[in-house]
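Just below is one structure, and these are the notes that go with it.
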Amino acid sequence: AQSVTQLDSQVPVFEEAPVELRCNYSSSVSVYLFWYVQYPNQGLQLLLKYTSAATLVKGINGFEAEFKKSETSFHLTKPSAHMSDAAEYFCAVSEGGGNKLTFGTGTQLKVEL
Amino acid sequence: GAVVSQHPSWVICKSGTSVKIECRSLDFQATTMFWYRQFPKQSLMLMATSNEGSKATYEQGVEKDKFLINHASLTLSTLTVTSAHPEDSSFYICSANVPPQDGYTFGSGTRLTVV
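Chains A and B are the protein sequences, given in the same order. Residue numbers for the first sequence follow my numbering, so the first one is 1 and each next one is one higher. Residue numbers for the second sequence follow my numbering, so the first one is 114 and each next one is one higher.
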């Protein structure tokens, strides 16, 4: 069975500081990996996805993530945080396209002045 | 881009009544939709997978008779919470897979409060 672990429930950063949100996955087959952002009382917006092409994936709003199979990781990074990046971030995995997504527990990114 | 429209955005209902939540794919055909439930400050938990023209597949522990799912067309899936109770209060979100990019588009969510 597939699973996702987001060890950090909350990550505080100063504005303009680099951001790293950690995600590790577990699966017995090839996976697709996703990062979503959620603002309060809203649905999820896709930041980026890995679907077995390039291991370094660039997304929207300056975010990127690197798929590392040997470490079973897909950490989300951004060189410089903005106040507007403060939100809840979810890592998710699916075993192939079209199959159900399994979400991590989420990481709240707090951006401070 | 592909859009999933979810309505209503929020609803308050009395205990014992039923509430219907709709999700429509606006510019693509969704043969499969996924229904999630999210408690405050928690992750999304998959409730069921809705398949057009056939019965939904429910996750373990989800009551089929309480959470009725209908996917009668390629653009509409509905979730009906029957005989709602305060413990059903939650944020419900639908999602659809958008081929061929293998991305998932989410509705904006429905905040259900049962009083």
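Backbone N, C-alpha and C fix where the C-beta goes; we use that ideal spot for every residue, glycine too.
Across which residues does DSSP place residue i in a beta bridge pair?
| i | result |
| --- | --- |
| K58 of chain A | A:E64 |
| S3 of chain A | A:S26 |
| V124 of chain B | B:L225 |
| E112 of chain A | A:F14 |
| Q155 of chain B | Partner(s): none; Q155 of chain B has no beta bridge. |
| N210 of chain B | B:Y217 |
| E20 of chain A | A:T77 |
| Y32 of chain A | A:S94 |
| V132 of chain B | B:V194 |
| Q38 of chain A | A:L44 and A:E88 |
| K49 of chain A | A:F34 |
| Q119 of chain B | B:C136 |
| F147 of chain B | B:T162 and B:S208 |
| F103 of chain A | A:A92 |
Going along chain A, which residues have a C-beta under 7 Å from residue i?
| i | result |
| --- | --- |
| F152 of chain B | Ordered by position in chain A, no residue passes the 7 Å Cβ test against F152 of chain B, which lies about 11 Å from the chain. |
Please list, in chain order, the chain A residues whose beta carbon lies closer than 9 Å to that of residue i.
| i | result |
| --- | --- |
| Y205 of chain B | Simply none; closest approach about 10 Å. |
If contacts are defined as beta-carbon pairs under 8 Å, then residue i and residue j qualify, I think. What distance do you get, rounded to the angstrom?
| i | j | result |
| --- | --- | --- |
| A185 of chain B | C126 of chain B | In fact, because the Cβ distance is near 23 Å, the residues do not count as touching under 8 Å. |
| V116 of chain B | T218 of chain B | 7 Å |
| K128 of chain B | V228 of chain B | For the sequence presented, residue 128 of chain B should be read as Ser rather than Lys. Contact holds; Cβ gap of about 7 Å. |
| V29 of chain A | C91 of chain A | Going by Cβ atoms, the distance from V29 of chain A to C91 of chain A rounds to 18 Å, so no, they are not a contact pair. |
| G220 of chain B | Q119 of chain B | 3 Å |
| E20 of chain A | T77 of chain A | 5 Å |
| P40 of chain A | G62 of chain A | Wrong, their Cβ atoms sit about 22 Å apart, outside the cutoff. |
| M146 of chain B | A209 of chain B | 5 Å |
| T144 of chain B | L187 of chain B | 6 Å |
| K110 of chain A | Q10 of chain A | 6 Å |
Interface residues of chain B around residue i at Cβ under 8 Å?
| i | result |
| --- | --- |
| V107 of chain A | Just to set this straight, residue 107 of chain A is Thr in the shown sequence, not Val. What T107 of chain A touches in chain B: nothing, since even the nearest Cβ is about 10 Å away. |
| K120 of chain A | Residue 120 of chain A lies beyond the range of chain A shown here (1 to 113); nothing can be said about it. |
| L7 of chain A | Here the premise fails: no neighbours, minimum Cβ distance about 13 Å. |
Judging by CA-CA distance, which residue of the options is the nearest neighbour of residue i?
| i | options | result |
| --- | --- | --- |
| L56 of chain A | A:K110, A:S73 and A:P40 | A:S73 |
| E15 of chain A | A:E71, A:A86, A:V31 and A:Y32 | A:A86 |
| H82 of chain A | A:E112, A:V11, A:Y32 and A:Q42 | A:E112 |
| N99 of chain A | A:Q38, A:Q6, A:T5 and A:T51 | A:T51 |
| R22 of chain A | A:S80, A:E95, A:L44 and A:E64 | A:E64 |
| K179 of chain B | B:S208, B:S167 and B:V194 | B:V194 |
| A54 of chain A | A:N61, A:G43 and A:K68 | A:K68 |
| Y32 of chain A | A:G43, A:V11, A:E66 and A:P18 | A:E66 |
| K49 of chain A | A:P18, A:V37 and A:N41 | A:V37 |
| E95 of chain A | A:G59, A:F34 and A:G106 | A:F34 |
| L44 of chain A | B:Y205, B:T226, B:P212 and B:E172 | B:Y205 |
| R137 of chain B | B:T145, B:N210, B:L189 and B:E172 | B:L189 |
| F230 of chain B | B:G222, B:L225 and B:G216 | Outside the displayed range of chain B (114 to 228) lies residue 230 of chain B, so it cannot be described from this structure. |
| A1 of chain A | A:A17, A:T107, A:Q10 and A:L101 | A:L101 |
| L225 of chain B | B:P153, B:T144 and B:Y171 | B:P153 |
| N24 of chain A | A:P12, A:V13, A:A17 and A:D8 | A:D8 |
| C207 of chain B | B:T130, B:E135 and B:V124 | B:E135 |
| G166 of chain B | B:T191, B:G114 and B:D201 | B:T191 |
Quick one: list the residues of chain B neighbouring residue i, beta-carbon separation under 7 Å, in chain order.
| i | result |
| --- | --- |
| Q42 of chain A | S221 and G222 |
| G104 of chain A | S156 |
| K49 of chain A | G216 |
| L76 of chain A | None at all; the shortest Cβ gap to chain B is about 16 Å. |
At a CB-CB cut-off below 9 Å, which residues of chain B make contact with residue i?
| i | result |
| --- | --- |
| F90 of chain A | S156 and L157 |
| L33 of chain A | Within chain B, no residue comes near L33 of chain A; the closest Cβ sits about 11 Å away, beyond 9 Å. |
> In chain order, which beta strand (DSSP E) runs of at least 3 residues are fully inside the segment 161-213 of chain B?
Replying inline: 180-186, 189-194 and 203-211
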